[in-house]
Every structure is written in C-alpha cells, then in structure tokens.
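Protein chains: 2
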Amino acid sequence: MYVFSDSVKDLRSSAIRDLMSLATHPDMISFAGGMPDNELFPLEDVGEIFNSLSRREQQAALQYAPTTGYPPLLQELEKWLRKKGLPVDTNRLIVTTGSLQGINIFAKLFVNPNDVVLTENPSFIGALSAFNSYLGKIHGIPMDEEGMNIEKLKEALSLNPKLLYVMPTFHNPAGTSYSLERRKQLLAVMNETSVPILEDDAYGDLAFNAEDTALRVPLKALSEKESQICYSGSFSKIFGPGIRLGWMLLSDDFYRKAELCKQSFDACSPTFTQVLAYRFLASGKLDRYVAWVRVIYKQRADYMVDAIMRYFPEEAKFVRPQGGFYLWVKLPDGMDEQELLKATIADGAVFVVGSTFDPSGTSNGYIRLSFSNTPEEKIERGIRIIGDRMKQMMKKSL
Amino acid sequence: MYVFSDSVKDLRSSAIRDLMSLATHPDMISFAGGMPDNELFPLEDVGEIFNSLSRREQQAALQYAPTTGYPPLLQELEKWLRKKGLPVDTNRLIVTTGSLQGINIFAKLFVNPNDVVLTENPSFIGALSAFNSYLGKIHGIPMDEEGMNIEKLKEALSLNPKLLYVMPTFHNPAGTSYSLERRKQLLAVMNETSVPILEDDAYGDLAFNAEDTALRVPLKALSEKESQICYSGSFSKIFGPGIRLGWMLLSDDFYRKAELCKQSFDACSPTFTQVLAYRFLASGKLDRYVAWVRVIYKQRADYMVDAIMRYFPEEAKFVRPQGGFYLWVKLPDGMDEQELLKATIADGAVFVVGSTFDPSGTSNGYIRLSFSNTPEEKIERGIRIIGDRMKQMMKKSL
C-alpha cells in the first residue's frame with residue numbers, strides 16, 4: 001500500500017543480525033561478534049575524565065558541536081594522525097558517528113545507482129551494506145595473504161568503477177595485513193586513475209608487534225597522490241564502540257561535499273563523547289590503553305591459534321594474524337560452512353560464515369573467528385567444539 | 001577531475017552556516033541559533049547519573065547497542081510516549097542519532113530523485129536539506145496562525161507526493177501551533193490518501209501553558225489511520241543536543257525498512273548517551289527538568305514580546321508563541337530582510353532571514369528570532385537594535 005523508494009525496496013535483513021542475538025546468549029561461546037570485550041573497556045579512565053571536566057566542558061558536552069567535529073578533538077586527532085605519517089596539513093578532518101558513517105558518506109559522494117564499486121573479497125559487511133544502500137554494483141577482488149590481487153584489480157578498472165574500498169591493515173574478516181610491496185603495487189596502479197580510494201584503518205592500532213610498522217603504514221601516508229585517498233579510522237576498537245566516533249581525513253574538495261552530507265545526516269556527532277574522546281587522547285590515556293589492550297588481544301590470538309593447531313583437522317588452513325580481531329579459516333575442501341555452523345550452535349559455539357563477507361553472498365568455504373571478545377578459557381572450549389564437528393563431518397563424507 | 005554522484009554534485013553550503021560562526025561571537029547578541037542555552041543544561045543531574053551507574057551500565061555505555069536502541073531506554077521511552085496518548089502498542093520505536101537522522105531515514109524510505117515532497121512553508125531547514133539530499137522536489141504549503149492551509153494541501157495532492165512532513169506543535173520557524181480543528185482537517189484530508197506522514201514533534205514538551213493540551217496533541221495520537229504517520233521526537237530540547245538522540249515511533253512495515261537504513265548509516269546511536277538518557281527519563285529527572293526549563297523559556301518569550309512591543313514599529317506583525325523556541329516576525333511591507341540583517345549585524349545583533357526556511361529559498365519578508373539562547377538582559381538590547389534599524393529603514397523609504 002505504501003510505495004518505498006528504489007533504494008530501500010529490496011533491502012533485506014542480513015543473516016548476521018539473527019546470529020547476533022544468538023551470539024550474545026550467555027551459554028553460547030561466541031566467536032561471531034566484531035566487538036571489544038566488555039571486561040577490557042577503560043572504565044576507570046572514563047570516570048576520571050568525566051569527573052575532571054570543567055563546567056564549560058560539561059556545557060559543551062550537551063550542546064551542538066560544529067558539523068565537522070568538536071574543535072579540541074579535531075586538534076588532538078590531527079597531532080595523533082601526524083605521528084602516523086599522515087598528511088594532516090594538506091588535508092582536512094571530519095569526526096564521524098562511527099567510521100561506518102564515514103563509509104556511508106563516501107559512498108554517497110560517488111555512487112549513483114548501478115555504478116560499480118570495487119572492494120576486496122571478502123570485505124567488511126557494514127561497507128557492503130552501505131554500498132548496497134546506494135544501489136552500487138559491488139565487484140569484489142580476491143585477496144591472498146599479502147593483500148588484493150593486483151592483476152584482478154587492473155582488470156576491474158575496465159568496469160569504470162566509481163570508488164575503491166580497501167582495508168589494508170588487519171583486515172576484517174581476512175585477518176591479514178597487506179605487505180609493503182603490495183601496498184606500493186596497489187598505489188602504482190591506482191595513481192594512474194582518478195578513482196577515489198577509501199582506506200579503512202579501523203584496526204591499524206592493534207598491531208601485535210609494535211615495531212613492525214611496514215605491515216600497517218597507511219596507503220595515504222605512502223602514496224605520491226594521496227589526495228585520491230580518504231583515510232578513515234575509528235575509536236570503536238581503541239576506546240569503545242558505544243561512543244560512536246570515527247574520523248575521515250580527506251582532501252579539501254572531498255571534505256566540502258562530505259561536510260554537507262553529514263549536515264543532513266545528523267548535524268554533528270555526539271558532543272558528549274567527543275569531549276570524552278578529546279580528553280582520553282590529549283591526556284595520553286588512549287596511548288597507554290592501546291599499548292595494554294593490544295597485548296591482551298595478541299594473547300587471545302596466540303591462544304586461539306594454539307587451540308586450532310590442537311583441535312582443528314590439519315586440512316583447515318589459516319594465516320596467523322599480526323593484529324586486529326579476526327582469524328579467517330579455510331575449511332577442508334567440500335565442507336559446508338552453514339552445515340558446520342548449525343552443528344556447532346547445537347554444541348554451544350558460534351561464528352560467522354564466509355559468505356556473509358562476500359559481496360555477492362556466495363559461499364566460499366571460509367569462516368570468521370573473532371578472538372577479541374572471548375576470554376582464554378572459553379576460547380579453548382569453543383575451538384574444540386568447532387574442531388570436533390569438523391572432524392565428524394570429514395569422517396561422514398568419506 | 002573526480003566525479004561526484006548526482007545526489008551531491010549540486011549541494012551547496014547554506015547561508016545559515018556562515019551566520020552561525022558570527023552568531024557565536026561573544027560580542028554579538030544572537031537570536032539566530034535554534035539551540036538551548038548552555039546555562040540551562042541539567043549538569044548536576046548528569047553528574048549524579050554518571051556517578052551512580054553500575055559497572056554493567058558503564059560497560060554497556062561503551063559497547064555497541066542494538067541498531068534500534070538500548071533496550072532499557074526503549075522501554076522507558078515507550079512508557080513516556082504512552083502517557084502522551086501515542087499508540088505505542090501497535091507501533092515500534094527506534095532510537096535515532098538526533099531527530100534529524102530520523103527525518104533523513106524517512107526521506108530515504110520514500111523519496112526517489114524528482115519525487116514531490118510536501119512540507120509546510122516555512123519549514124525546518126534540516127528537513128529541507130535532507131529532502132534535497134535525495135533529490136526530492138519540495139513543494140511548500142503556506143501556513144497561517146492555525147496551521148497549514150488545507151485547501152492548498154488538497155491541491156498539492158494532485159502532484160502525487162511521496163511524503164508529507166509537518167511540525168504541528170510549536171513550529172520551527174513559525175513559532176505557532178496547529179489548532180485542534182486544523183489538526184483534524186489535515187488528518188481528514190490525508191487519511192483518504194496513502195501518503196506517508198512524518199510528524200516532527202521536537203518542541204512538543206515546551207508548552208508555556210501545560211494545561212492547554214489541545215495545542216499539542218500529536219497527530220499520531222489523534223488519527224484514525226495512525227499507521228500512516230511516523231512520529232519523531234528529540235532529546236535535544238529536553239536534555240541536550242550534544243547527546244544526539246531522538247526517536248521515531250512507526251508502524252511495523254516502516255520500522256523494518258528504517259532499521260535496515262539505520263544499520264548502514266551508523267550501526268547504532270551512541271550507547272553512552274542512551275544509558276544517560278535512560279536514567280534521566282526513568283528517574284523522573286527529565287520531567288522535573290522540563291517543568292523547570294519551560295518556565296524559563298516562557299519568561300524569555302514574554303520578555304521578547306514585551307521588547308518587540310516597545311521597540312519594533314507597529315507595522316511589524318507576529319503571533320505570540322505558546323511554546324517552543326521561536327518568534328516569527330513579518331516585517332513592514334517592502335522591507336528587505338537581508339538589508340535589515342546587514343544593518344543589525346553592524347550594530348551587534350543577529351537573526352535568521354525568512355528565506356532560509358522557504359523550500360525554494362524565496363525572500364518572504366519574515367525573520368526568525370530565537371529566544372531560547374539569550375538571557376533577558378540581552379534580549380532587550382538586541383530587540384532594540386533591530387527595532388531601531390527597522391524604523392530607520394522605514395523613514396528612508398518614505
């Protein structure tokens with residue numbers, strides 16, 4: 001009876017949503033959610049910050065902020081991004097309501113219905129849904145353990161793509177990081193084009209080996225034509241998703257349109273949490289917190305890898321992650337992910353099947369295991385459940 | 001060199017943005033901003049709430065919330081909206097990142113490029129920019145002091161509109177509220193159609209006379225076909241804009257699409273401020289705060305009306321507001337608003353010209369004066385500056 005617009009009429013709820021209600025059930029061991037662990041949040045820091053806010057800061061926290069961000073936060077973020085080698089002085093910064101809003105804005109800037117959008121395959125589900133919501137045609141480019149396949153990228157340029165979305169560092173869901181060589185190859189190809197690039201660096205600070213910077217140098221810091229690249233980041237993994245703050249660093253012409261989009265999206269991001277994030281960053285608490293939490297994530301990753309070596313059949317393959325939240329496991333040939341998931345749910349363990357991250361939803365024989373949100377004692381039990389079921393399924397198919 | 005999408009290529013910065021940087025200058029008396037006064041925020045309440053949060057609530061505040069909202073907040077909001085006579089049980093509720101996000105989502109649900117959107121003329125600038133961002137063709141329907149012109153509404157239905165956006169209560173910028181009779185007339189006309197209605201009730205709680213409920217009964221509480229209406233509201237005026245929270249109450253079929261849109265916009269609204277808003281509402285602090293703050297806004301409105309009677313030429317006409325933030329003044333015939341604004345800025349007072357709120361940006365001989373954000377002593381001085389300049393301009397034109 002009511003007529004929906006073209007852009008929403010075919011929108012369907014994703015399978016991941018139903019999975020999530022299952023994944024938060026207390027009896028379930030969940031490797032499904034891409035969120036930090038509640039037990040690891042910097043609650044004391046937040047309390048100290050809140051109770052030291054001046055009256056003026058408390059007032060600012062409840063008032064509108066400029067659309068592009070609370071100025072003290074923008075200043076601190078600039079300093080912090082400069083330390084990563086990012087070209088802060090020749091670009092402009094926008095605070096976004098989570099980095100997903102930044103992806104959505106970038107999609108709105110460039111995607112008309114039926115336009116081709118290039119992504120990695122697999123890719124972040126939030127980005128895929130943003131591109132879908134503008135009726136973009138997503139073309140996924142396969143990855144190996146060093147990053148995107150450059151030959152396939154070259155071929156895909158003939159499709160006249162309107163943007164390229166990549167997550168070169170501690171990829172969600174693939175868990176890997178582009179090698180320095182692959183980063184350079186990608187830039188060499190893309191610099192010849194005027195296809196805008198969105199570089200999503202939501203996990204870049206969660207390196208397990210802080211010295212190994214080659215695995216996480218941002219494309220935007222590396223490129224000779226960096227104006228082509230919008231660099232986006234997030235406080236979700238280094239403070240908390242509930243503050244809903246991310247950022248975009250982008251050239252002036254992209255910035256002006258992005259600001260206008262954001263104006264009609266939500267006028268400004270929450271000032272309340274911008275004031276907290278400003279103080280978290282400016283006080284050095286953020287750097288201390290990140291240094292602490294990434295050691296814990298490394299331990300969990302190591303623990304999960306150990307458990308996999310013990311309990312999974314050796315036909316299941318994976319690359320040891322160097323940072324981030326995820327382990328991306330190739331199942332033994334011919335094993336059905338959906339069937340495996342159904343079986344492990346019955347035993348009390350849940351994960352996300354690989355097809356969720358495929359731009360066309362195709363089954364690919366992979367599963368994503370998140371280690372960020374599960375304490376060590378549960379990791380072993382959960383991995384054992386999954387491994388046992390894999391072995392059973394292999395026996396059956398003999 | 002980079003090709004922007006159709007929906008953003010013609011986006012232009014609105015004049016109001018430049019005005020705002022001027023309006024926040026400390027030497028300027030501003031009647032421009034549509035925001036609460038920093039001095040009136042419930043800072044003590046927020047401090048009490050924050051420091052009484054349980055560890056579990058603190059953790060929840062930093063974690064993702066469900067896309068449709070933090071469940072305890074949804075429950076309290078439902079109770080609170082039920083008390084306003086709203087059909088909570090036959091509808092569903094979504095927490096949005098400010099009510100502007102709700103407007104943007106509703107626009108996305110129904111507006112394809114070149115579709116006609118009906119609004120009042122004048123209308124809320126944020127809504128106009130949201131409809132423009134979907135390339136809607138906005139058709140404004142004139143208002144008088146009792147609400148929208150019903151004959152013009154009937155005529156406009158022949159344009160095959162995809163939605164109707166209205167703010168029946170304490171209108172921004174018109175300052176007036178629809179009479180009960182006009183509300184019923186509008187519903188009688190619209191109920192014959194299947195045009196979805198977005199009812200924006202951002203100011204409904206700020207009635208100067210709490211007993212006079214006829215002037216603020218929601219259309220969605222009054223309609224026999226309420227499923228046609230999405231009711232939206234906001235914490236911005238009854239708590240603080242910086243928490244960036246609003247809500248939409250809508251029928252199940254609208255809800256399912258709206259949830260999917262929100263999923264790709266920002267995944268969820270800030271949990272941190274949702275936890276605070278939940279406690280503000282559940283503790284009864286919100287009701288006490290609103291009862292206090294609306295008396296202050298009434299005093300400011302009365303004070304502004306008195307000053308206008310003293311300082312404006314009697315050819316300037318207005319309707320005494322019954323609630324909200326705004327006074328909408330018709331200038332003496334032939335007076336140019338832009339010229340008046342230029343002159344009063346030179347003297348230290350600023351307001352917003354009426355064309356800003358006209359869907360086609362046409363000059364209409366009105367100005368909007370906001371009394372929410374200016375203490376009484378400054379109201380008199382500012383109104384005198386504007387009145388003196390009006391009188392000067394009238395003399396000159398003789």
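Protein chains in written order, with the UniProt record's numbering: chain A, 1 to 398; chain B, 1 to 398.
All C-beta atoms, glycine included, are put in the ideal place defined by N, C-alpha and C.
Contacts of residue i in chain A (Cβ-Cβ under 7 Å)
{"i": "V111(B)", "result": "S5"}
{"i": "A23(B)", "result": "Within chain A, no residue comes near A23(B); the closest Cβ sits about 12 Å away, beyond 7 Å."}
{"i": "A316(B)", "result": "Ordered by position in chain A, no residue passes the 7 Å Cβ test against A316(B), which lies about 29 Å from the chain."}
{"i": "A61(B)", "result": "G242"}
{"i": "N38(B)", "result": "Q59 and Q63"}
Distance between beta carbons of residue j and residue i, contact taken as under 8 Å
{"i": "V319(B)", "j": "G175(B)", "result": "6 Å"}
{"i": "K257(B)", "j": "L109(B)", "result": "5 Å"}
{"i": "F265(B)", "j": "F265(A)", "result": "7 Å"}
{"i": "L180(B)", "j": "Q322(B)", "result": "Actually they do not touch by this definition, with Cβ atoms about 13 Å apart."}
{"i": "V329(B)", "j": "A316(B)", "result": "6 Å"}
{"i": "F371(A)", "j": "I49(A)", "result": "That belief does not hold up - the Cβ atoms of F371(A) and I49(A) are roughly 29 Å apart, past 8 Å."}
{"i": "Y326(A)", "j": "P173(A)", "result": "5 Å"}
{"i": "K137(B)", "j": "V116(B)", "result": "5 Å"}
{"i": "Q338(A)", "j": "N38(B)", "result": "With a Cβ gap of about 55 Å, Q338(A) and N38(B) do not count as contacting."}
{"i": "E199(B)", "j": "S158(B)", "result": "In fact, because the Cβ distance is near 23 Å, the residues do not count as touching under 8 Å."}
{"i": "M390(B)", "j": "L340(B)", "result": "7 Å"}
{"i": "N373(A)", "j": "P36(A)", "result": "7 Å"}
{"i": "V293(A)", "j": "S30(A)", "result": "Wrong, their Cβ atoms sit about 19 Å apart, outside the cutoff."}
{"i": "F124(A)", "j": "V111(A)", "result": "No, F124(A) and V111(A) are not in contact; Cβ-Cβ is about 16 Å, not under 8 Å."}
{"i": "M28(A)", "j": "G348(A)", "result": "6 Å"}
Option nearest residue i by Cα separation, candidates the options
{"i": "R92(B)", "options": "K396(B), F312(B) and S251(B)", "result": "S251(B)"}
{"i": "E120(B)", "options": "I197(B), A60(B), L11(B) and K184(B)", "result": "I197(B)"}
{"i": "I296(B)", "options": "I238(B), E259(B), F312(B) and V353(B)", "result": "I238(B)"}
{"i": "P375(A)", "options": "V353(A), V293(A), R55(A) and R300(A)", "result": "R300(A)"}
{"i": "N104(B)", "options": "S223(B), G348(B) and S129(B)", "result": "S129(B)"}
{"i": "L369(A)", "options": "K184(A), L331(A), E155(A) and K84(A)", "result": "L331(A)"}
{"i": "G34(A)", "options": "I49(A), G102(A), A202(A) and E224(A)", "result": "A202(A)"}
{"i": "K84(A)", "options": "L249(A), E337(A) and S283(A)", "result": "L249(A)"}
{"i": "A277(A)", "options": "S7(A), S177(A), E44(A) and P72(A)", "result": "P72(A)"}
{"i": "E145(B)", "options": "S133(B), P42(B) and R183(B)", "result": "R183(B)"}
{"i": "V189(A)", "options": "D287(A), D212(A) and E151(A)", "result": "E151(A)"}
{"i": "G98(B)", "options": "R310(B), I243(B) and Y255(B)", "result": "I243(B)"}
{"i": "D45(B)", "options": "E78(B), P270(B), G284(B) and A221(B)", "result": "G284(B)"}
{"i": "H25(A)", "options": "G354(A), Y311(A), A346(A) and V8(A)", "result": "A346(A)"}
{"i": "G102(B)", "options": "G354(B), E192(B), Y255(B) and M335(B)", "result": "Y255(B)"}
{"i": "H171(B)", "options": "T193(B), F357(B) and L186(B)", "result": "F357(B)"}
{"i": "S397(B)", "options": "Y64(B), Q75(B), M335(B) and E76(B)", "result": "M335(B)"}
Contacts of residue i in chain B (Cβ-Cβ under 8 Å)
{"i": "D253(A)", "result": "Y2"}
{"i": "T90(A)", "result": "By Cβ distance, chain B contributes nothing, its closest Cβ being about 16 Å from T90(A), past 8 Å."}
{"i": "N364(A)", "result": "By Cβ distance, chain B contributes nothing, its closest Cβ being about 22 Å from N364(A), past 8 Å."}
Interface residues of chain A facing residue i [CB-CB closer than 8 Å]
{"i": "V8(B)", "result": "K108, L109, K257, L260 and C261"}
{"i": "G69(B)", "result": "None at all; the shortest Cβ gap to chain A is about 12 Å."}
{"i": "N160(B)", "result": "Those within 8 Å of N160(B) in chain A number zero; the least Cβ separation is about 10 Å."}
8 Å Cβ cutoff met for residue i and residue j
{"i": "A61(A)", "j": "F272(A)", "result": "yes"}
{"i": "T67(B)", "j": "C268(B)", "result": "yes"}
{"i": "residue 399(B)", "j": "T344(B)", "result": "What the structure shows of chain B is the stretch from 1 to 398, and residue 399(B) is not part of that stretch, so it cannot be assessed."}
{"i": "V70(A)", "j": "Q263(A)", "result": "With the sequence shown as reference, residue 70(A) is identified as Tyr, and Val is not the correct amino acid for it. Their beta carbons are not under 8 Å apart, which means Y70(A) does not touch Q263(A) by this criterion."}
{"i": "residue 468(B)", "j": "V352(B)", "result": "Outside the displayed range of chain B (1 to 398) lies residue 468(B), so it cannot be described from this structure."}
{"i": "D302(B)", "j": "L135(B)", "result": "no"}
{"i": "L86(A)", "j": "K220(A)", "result": "yes"}
{"i": "L100(A)", "j": "G126(A)", "result": "yes"}
{"i": "L11(B)", "j": "S13(A)", "result": "no"}
{"i": "S227(B)", "j": "L187(B)", "result": "no"}
Chain-ordered neighbours of residue i on chain B, where CB pairs are closer than 7 Å
{"i": "Y64(A)", "result": "M35, P241 and G242"}
{"i": "L11(A)", "result": "K257 and L260"}
{"i": "F50(A)", "result": "F50"}
Closer than 9 Å at the beta carbon, the chain B residues around residue i
{"i": "Q58(A)", "result": "F41, L43, V46 and G47"}
Check: residue i C-beta below 7 Å from any heavy atom of the ligand SAM
{"i": "L219(A)", "result": "You won't find the ligand SAM in this model; it holds no ligand whatsoever."}
Original post:
Mind listing which residues of the region 264-278 of chain A have their C-beta closer than 9 Å to chain B's C-betas, in chain order?
Top reply: S264, F265, D266, A267, C268, S269, P270, T271, F272, T273, Q274, V275 and L276
Original post:
When you check each C-beta in the region 369-387 of chain B against every C-beta of chain A, which residues fall closer than 7 Å?
Top reply: none
Original post:
Which residues, in order along the region 187-201 of chain B, keep a beta-carbon less than 8 Å from a beta-carbon of chain A?
Top reply: S194 and P196
Original post:
Taking a cut of 7 Å between CB atoms, which residues from the region 77-102 of chain A lie near chain B?
Top reply: T97, G98, L100 and Q101
Original post:
Which residues, in order along the region 199-230 of chain A, keep a beta-carbon less than 7 Å from a beta-carbon of chain B?
Top reply: none
**OP:** With 7 Å as the C-beta to C-beta threshold (strictly closer), list the residues of the region 114-138 of chain A near chain B in chain order.
**Re:** So the list reads G126, S129, A130 and S133, given in the order they occur along the chain.
Original post:
Going along the region 148-180 of chain B in order, which residues come within less than 7 Å of chain A, judged by CB to CB distance?
Top reply: none
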